[in-house]
Structure formats: C-alpha cells, structure tokens
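Some notes on the structure that comes next.
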Amino acid sequence: MAHYRTMGHVPHKRHTQHRDPDGRLYREELMGEEGFSSDSSLLYHVGVPSALVDARTWELPDGTTTPNTPLLPRHLRLHDLADPAAAGDVDAVRGRRLVLGNADVRISYVVAGADSPLYRNAVGDECVYVERGAARVETVFGHLDVREGHFVVVPRGTTHRWLPVDVATAGPLRAYCIESSSHVAPPRRYLSRYGQLLEHAPYCERDLVGPTAPEVRDGTDVEVYVKHRGAGPGGLAGTVHVTPAHPFDVVGWDGCLYPYAFHVSDFEPVTGRVHQPPPVHQVFEAGGFVVCAFVPRKVDYHPLAVPVPYYHSNVDSDEIMFYVDGDYEARKGSGIGKGSVTVHPGGHSHGPQPAAVEASLGAERFDELAVMVDTFRPLELGEAALASDDGAYAWTWSGRGPQR
C-alpha cells in the first residue's frame, strides 16, 4: 500500500530519540514487507513489543482439505453452515470454518456475535469481506469501523481483534475471510511506477479508509492468538503469546503499511458495447490469486449484445464466486441465491445456465453483487464446503444427473 499516512506523535527524523513528557524513551518498531525492501511503517511503543511472559499451543479450527475429485463444479450454501441464534458464542477469528484452500489462499466463513481475542496472522495478509452486520476492528495502528459491503485488508503481522457491533439490531457479523500466504494489494496495472492509483483505476486513494489515531491501552498478561507456519493441516499452526502489557501501546506511527477498509459501493464498474471480461472487475491481487467485485451496473449496449458471460474454460484458474446480493442473471434456474458460493474448477468449461442466455437479451442493467476469487493453483475443499455442498449443481446445465 503506497499511500503514506502519519498518525499520533512521531519524531521529526526516523530512528532518532522519541521521548514521553517524563523523558522516557519510546520503543521504535519497523513493520515492513520483503526484508526491508518494500512498504513499511514505523510504530512508537510505550513498552517493549518483543516482550513475552508465556506461550502455549492454539489448536486452530479444522484446516484439513479434500481434493475436488471427481472434478466437479459445486454449489456451496454458506448460510446453511451456522445458526445465527448461536452466533453470540462465536467470534470472528476462532469461529472461522474453512471453505476452500490451497498453498496460496484459504477462504473461510464465519457468523459471529462475540468479541474475538487479539489476533495476529503471521502467514500472510487477510482480506475480509463483510457480508452482513457491522464491527469495530481494533488494531495496533488504531481502529476501523466497518459495515456491510466493506473489504478490510489487514497486513501480515498486525495485532488486531474483531468486535461486532449493533448485533441486536443489525444481526451478527457475517464475514467472508480471504487469508493469503502473501501480500494483498491493488493490481499493479492500476498503479503508477511510484504507486499512485491511476486515472483508469476503478477506485482511488480517497476511497480507502485508514485507521483512526492509535490508543494506548492498559492491561497485564494479555493473550494474543498467532497463526503461523507449522506442521498442522495446510502447513499452519497456532500459538497463544502472553504479553506483560497490552500490545496496543502505540503513541504514533507513519508509513505506507497499515490496515485499511474499502467499501464495494466505491468500486466504479467498467462497461462496454459488448461483454467485458472478468479482469475489469478486479479489486486486489496477491500471490497466486486475485479478488474481483461484480457490482450493480449498466450492461452491454451493442444492439446484438449478449449481456451474460460466454461459456469459458479458465485453464489456469479455479473461479470462486460468492453471491452477496441481487439476482445473478447468469445463474438463474440453478438454485443459487444470497450466501451461495460456486466453485468452477480449471478443467471444466462453465458459463450461464442455458435458459439465462435468451432471458438476458435486451437487459440494460444487472442488479447483482458478488465477490470472486480466481486462483492459479487448484483449490481443495475444506470441511465447510463438504458440509454445505448441494450435490446437484454439476448437473444443472444438462438437466439430468448421473445414471447409477
């Protein structure tokens, strides 16, 4: 993230003395990517950020995966995974259920009404889409107030926690969690060589919401749940670090690395006379996958245009579509609705349901909202996918299932 910010109190010159009113030295921490060779921020702590007084194992949620064999397109009903009435006992970190995963990305879903513990992902950045509800995301940098429709990008190593708000009126927090093994950023083609979002980009720096000023918190023997590389399923493990004081003790920071939020309504869709390919919908990129948003928009205006997608075989990608709102024209007649996820694996040619093509002719606008993840390595099925698969989607193009 190449958009510089400064919050709180920082010294005039980096790596120089910075003292509190009583003359005590603040501790400077550099949080940076790619071994001092990419974006970073400098944070100034009251205490010692490395201090620990205890550690124990955290048993992560079930991270086992199953290959998608036989190779099939699938329809997953995420809203069948959790009872919203039980969300009061579930938090947005420990309650995540793995839907799909590979070495580059893990997609989880959670319905949460409880505050999460302090949490740090030491594997990669997280990009969390808020499907429903609202939350305050408290971080060592400050907090973000997010609501339905926000993407929340949290850099690797950021200590933070999720606090659902207005649960009684807005309902529990429903979060679609995209956990990367690398860094999540705007696509390179949107950026100048110096990192500014260009004029053709579908959003700009004004649309990105950074954290408020940091707050110094009191506390002793504070637990921080850390997800890191290890020998568990997916090569992951968990540890609970116990710190002598609260890790939220930053008086100021500056730099280009920090958590931020982007609301999907600020994404400006690109349209044309004929159907536009999925890259025009791209929001973020990461190592081994991209994230796209299909938002309400006017559609193709050539007099003979076919507004729904043509059949296509993404030979290099698995295409994962999360249907958030509206009526998704290409999938009409398939049983797909809000809360559905379709898995279109590389090796299977997919496209609209047969009746949807004729039905779309003459359409001027699509009222749909979906979040897509395209991966460049095959995804395997997590336990949540196995629990929510409708078992029938693969046969919806032909109208009949296997003869057994």
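Quick note on full-length UniProt numbering: the sequence shown kicks off at 1 and runs consecutively. Where is the CB? At the ideal position from N, CA and C, for every residue including glycine.
Helix, strand or coil at residue i according to DSSP, with G and I counted as helix
i: P309; result: coil
i: T139; result: strand
i: L78; result: helix
i: E285; result: strand
i: T69; result: coil
i: S388; result: helix
i: D221; result: strand
i: Y44; result: strand
i: R56; result: strand
i: A122; result: coil
i: V357; result: helix
i: T396; result: coil
i: A374; result: Checking the sequence shown, residue 374 turns out to be Asp, not Ala. Here D374 sits in strand by DSSP.
i: S340; result: strand
i: Y190; result: helix
i: D145; result: strand
i: S180; result: strand
i: A231; result: coil
i: T169; result: helix
i: R94; result: coil
i: E268; result: coil
i: A85; result: helix
i: P214; result: coil
i: D325; result: strand
Backbone CA spacing between residue i and residue j [nearest angstrom]
i: G157; j: L42; result: 14 Å
i: L173; j: V128; result: 12 Å
i: A134; j: D115; result: 12 Å
i: A231; j: A356; result: 46 Å
i: P67; j: R161; result: 32 Å
i: V299; j: Y4; result: 36 Å
i: P11; j: D20; result: 11 Å
i: H302; j: R331; result: 22 Å
i: S349; j: A87; result: 38 Å
i: Y258; j: G401; result: 49 Å
i: R56; j: L30; result: 26 Å
i: residue 468; j: V53; result: Here the chain comprises residues numbered 1 to 404, so residue 468 is not present and cannot be evaluated.
i: T64; j: G234; result: 7 Å
i: P186; j: V283; result: 6 Å
i: E364; j: A370; result: 18 Å
i: D80; j: T212; result: 36 Å
Residue i, buried or exposed, once every other Cβ within 10 Å from all chains shown has been counted against 16
i: Q17; result: exposed
i: D218; result: exposed
i: V280; result: exposed
i: E59; result: exposed
i: K13; result: exposed
i: Y311; result: exposed
i: R120; result: buried
i: G339; result: buried
i: S313; result: exposed
i: S334; result: buried
i: L236; result: buried
i: S50; result: exposed
i: W395; result: exposed
i: P70; result: exposed
Test item: CB-CB of residue i and residue j under 8 Å
i: E268; j: P202; result: yes
i: P278; j: D318; result: no
i: V48; j: V251; result: no
i: F322; j: V341; result: yes
i: E380; j: F294; result: no
i: G124; j: S37; result: no
i: V270; j: P247; result: no
i: P155; j: M7; result: no
i: G337; j: S40; result: no
i: P61; j: R96; result: yes
i: V226; j: T239; result: yes
i: V99; j: F289; result: no
i: P309; j: G347; result: no
i: P354; j: W397; result: yes
i: V209; j: Y260; result: yes
i: A122; j: H228; result: yes
Near the ligand NAP: residue i beta-carbon under 7 Å from a heavy atom
i: P233; result: Among the components of this structure there are no ligands whatsoever, and the ligand NAP is therefore not found.
task = Taking 8 Å as the threshold, find out whether the segment 145 to 158 comes into contact with the segment 246 to 264 through three or more Cβ pairs.
result = yes
inquiry  = Under 8 Å: do the segment 378 to 394 and the segment 70 to 79 share three or more Cβ pairs, one atom per stretch?
reply    = yes
inquiry  = Tell me whether the segment 104 to 118 and the segment 166 to 184 touch, counting them as touching only if at least three CB pairs, one residue from each stretch, are closer than 8 Å.
reply    = yes
ask   = Between the segment 190 to 206 and the segment 134 to 145, do three or more beta carbon pairs fall short of 8 Å?
value = no
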